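For the sequence shown, the working numbering gives the first residue as 17, with consecutive numbering after it.
We put the CB at the ideal spot given by N, CA and C, even for glycine.
Being a predicted model, the structure only gives us computed values, none of them experimental.
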Amino acid sequence: MTKALSIKNTMIFTTAKTRTIAAVFAIALAVALPQAFHVAGAIMGVGTAMGEIFLPMHLAIFAVGLLAGGYTGAVAGLLAPMISFFLTGMPAQAMLPYMMAELMAYGLIAGLLADKNLPVIAKLLIAQIGGRLVKITAMAIGVFAFSSQLNPANVIFAVKTGLPGLIIQWIAIPVLMYAIARISTKDE
């Protein structure tokens, strides 16, 4: 088996300083990447649809969770949508609390799995499913407790829209983890 397929422990950033830097970088990336996609969408005439298709905010949160652990991933996942909303107005206010819950879950679950003896793709899939379940639950609470007009079932249908983004995550995150692991082992 090649090293690319056998990387299991992805958590590399273990000191408070490196975790903090990783969280700040992930938040900045999670704010900047969607804006690049929105600009590209505006140029192509599809508006913000590219963000829904390619899920750029998710990439940074999965990566920071896997690299720096659950607490760092959760904090970055919680703060990134909020900071993006205050700086750019995106995501829409109605979706903000649900995205915060979803991305926090992505970062937390990915981080909790970071040092487990699983392939990176398995960690990613578990985190993706867990985050979507948290978002569905949060939306159901919003509907029943706060009379939100959003439909939690739309999260399931959003998987179809976001399939290109999921595929990018399934490719990019393992490749990124492999590259970072190679760099970190060269330094040892």
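The continuous stretches of alpha helix (DSSP H) do not include Leu134, and DSSP gives it neither H nor E. In this structure, the alpha-carbon of Ala58 lies about 25 Å from that of Leu166.
Residue burial annotation: Ser200 is exposed, with fewer than 16 other C-beta atoms found within 10 angstroms of its C-beta. Counting of Cβ neighbours within 10 angstroms places Lys139 among the buried residues, the total reaching 16 or more. Going by beta carbons, Ile43 and Ile196 fall outside the 8 Å limit. A contact between stretches requires three or more CB pairs, one per stretch, nearer than 8 Å, and the region 122-130 fails this requirement with the region 156-164. For Phe70 against Gly181, the beta-carbon gap comes to about 4 Å, under 8 Å, which counts as contact. Of Ala108, Arg148 and Gly158, the smallest CA-CA separation from Gly178 is found for Arg148. Contact annotation: Pro72 and Pro50 have beta-carbon atoms nearer than 8 Å. Closest in C-alpha terms to Ile37, from the list Leu134, Gln109, Val91 and Phe102, comes Val91. With respect to Phe101, Leu112 sits close: the two C-beta atoms are nearer than 8 Å.
Comparing C-alpha distances from Leu95 to each of Ile183, Ala46 and Lys33 shows the shortest one belongs to Ala46. Ranked by Cα distance from His74, the options Val55, Leu103, Ile184 and Ala56 are led by Ile184.
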